[in-house]
Amino acid sequence: MNPLALMVFLISLAIGATTTMLSHHWLLAWIGLEINTLALLPIMMKTPHPRAIEAATKYFLTQATASALMLFSCLINALQTGEWNINNPHNLMTTPLSLAIMMKLGLAPLHFWLPEVLQGTPLSTGLILSTWQKIPPMILLLQISPNINLSLTIIMGLTSILIGGWGGIGQTQLRKIMAFSSIGHLGWIILILKLNPQLSLFSFILYIIMTTAMFLSLIMLSTTKMSQISISWTKNPAMMTTTMLILLSLAGLPPLTGFQPKLLIILELIKQNMIISATLTMLTSLLALFFYLRLTYIVTLTLSPSTHNSTTTWRTSMKPQLPSAITSIMALTLLPLTPAILLT
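The sequence shown begins at 0 in numbering that gives the first Met the number 0 and counts up one residue at a time.
Here it is in C-alpha cells:
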C-alpha cells in the first residue's frame with residue numbers, strides 16, 4: 000500500500016476514535032465510530048487476497064448492522080427525552096444501545112464475525128482490530144454504565160467467557176486463538192461494568208497491554224499457525240520465552256500481570272454477594288486456561304526434530320524491537336500495583 004494512503008487511513012482511525020471518546024452527543028459518537036470503521040476497511044484489504052476481501056466484507060456488514068441499530072436507538076432516545084446527551088439515555092433504549100455497542104466489541108453471542116475477520120487479516124491489522132478498535136465502543140459503554148441492565152451484562156459476560164474458552168480449544172490458527180482470547184477477556188470486563196466501572200476500565204487497559212504484547216511477539220516471529228510457532232525456538236529463544244510468559248499472563252496465572260484483573264473482578268463479585276456468578280466465572284475460565292497452557296506447551300516444551308540446536312539469528316527478520324520490549328515488560332510485571340489499586 001502507498002505509504003501516504005496508509006498514513007491518511009491511520010490518521011482517520013485516530014480522528015474517529017478520538018471523536019467518539021470526547022463526544023457527549025450520540026450523533027457525534029456515531030459519526031466517530033463510522034469514520035473508524037471506514038478507515039480500517041482499506042487497511043484490511045491492503046493485501047489483495049480473497050480471504051482479506053471476505054474478512055473486510057464481513058466486518059463491514061457486521062459494523063453496519065450494529066451502527067444501524069445504534070442510530071435507530073439514538074433517534075428513539077432523542078424522541079423520548081428531547082436530547083442527545085450520552086450520559087442519560089432513556090431506560091427503554093438502554094438495552095438496544097448496549098447490544099449494538101457489544102456487537103461492535105464482538106461479545107458473545109454477537110461474536111461470530113470476530114474470529115473469521117481476524118483470521119482473514121494480517122497480524123498488524125489484527126493488532127489494530129483487537130486493541131484500538133475496541134476503545135471507542137468501550138468508552139461509550141462506560142459512559143452509559145449507570146443505566147445499563149445488570150442482568151444483560153452478567154449474561155453477556157458469562158456467555159463470552161464460556162465461548163471464549165470453548166471456541167479456542169480446538170484451534171490451530173493463532174489469530175483465531177487471539178480472537179477467542181479477546182472475547183473471553185471482554186467477557187470479564189463486561190461482567191462488572193455496572194458494579195464497578197473503574198475496575199472495568201482498569202481491566203480493559205491491562206487487556207490492551209497484554210494483547211498488544213502478544214501480537215507484537217507474533218509479528219516479530221512472523222508466525223500465524225501452531226506448526227510455525229512450534230519450530231520458532233531455534234530462531235529466537237529469548238523471544239519465545241517472553242511469548243510463553245505473555246501467554247501465561249493472558250491465562251491469568253500469578254505472579255504475572257494477567258492475574259491482577261481476574262483477582263480484583265472475583266473480589267468485586269464476592270463483595271456484591273454474587274457468589275454463584277463468581278463460581279461460574281472461575282469454572283468457565285478453566286476452558287481458556289487449558290488452551291493457553293496447550294499453546295505454552297507447544298511453544299517451549301516441544302522441539303521439532305527438523306530443527307537443530309544452534310541459534311540461527313539470520314532467520315529472524317529485523318523489525319523494531321522497542322515497542323515489543325516495552326509492552327512485554329508491562330504485560331509481565333504490573334502485578335505489584337494491586338495493593339495500590341485496592342487502596343484507591
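For every residue, glycine included, the Cβ atom is placed at its ideal position computed from N, Cα and C.
Scanning its chain for C-beta atoms nearer than 8 Å, with the 5 sequence neighbours on each side dropped, one finds around P254 the residues L334, in chain order. A direct Cα-Cα distance of roughly 44 Å separates L5 from L266. When rounded, the separation of the alpha-carbon atoms in P236 and I297 is 14 Å. Taking C-beta separations shorter than 6 Å and ignoring five residues to either side along the sequence, the partners of S327 in its chain run A212, T241, following chain order. In the DSSP assignment, G167 falls within the alpha helix (DSSP H) that extends over 149 to 167.
For H23, the secondary structure class from DSSP, reduced to helix, strand or coil, is coil.
Put simply, of Q197, S231, T222 the residue whose alpha carbon is nearest the alpha carbon of L140 is Q197. Residue pairing from DSSP places K224 in a beta bridge opposite Q172. Taking the Cα positions, G183 is about 16 Å away from L294. L288 sits away from A330, with the two beta carbons spaced by 9 Å or more.
Annotated three-state conformation of N35 is helix, per DSSP. The Cβ atoms of G163 and A107 sit closer than 9 Å to each other. If you check the CB distance, A51 and T158 do not come in under 9 Å. Under the Cβ criterion (8 Å, minimum of three pairs), the stretch 8 to 17 does not count as touching the stretch 110 to 125. Excluding its 5 nearest sequence neighbours in each direction, W165 has C-beta neighbours in its own chain below 6 Å: L286, listed in chain order. Using a Cβ distance threshold of 9 Å, L149 and L98 do not count as a contacting pair. Relative to the Cα of G125, the nearest Cα in the group Y58, T64, L78 belongs to Y58. Here the stretch 226 to 236 makes no contact with the stretch 174 to 188; the two share fewer than three CB pairs at distances below 8 Å. Here the alpha carbon of S231 sits roughly 17 Å from the alpha carbon of L292. N84 has H24 as its beta-bridge partners, per DSSP.
One Cα belongs to I274, the other to L268, and the distance between them is close to 7 Å. When DSSP states are grouped into helix, strand and coil, S72 belongs to the helix group.
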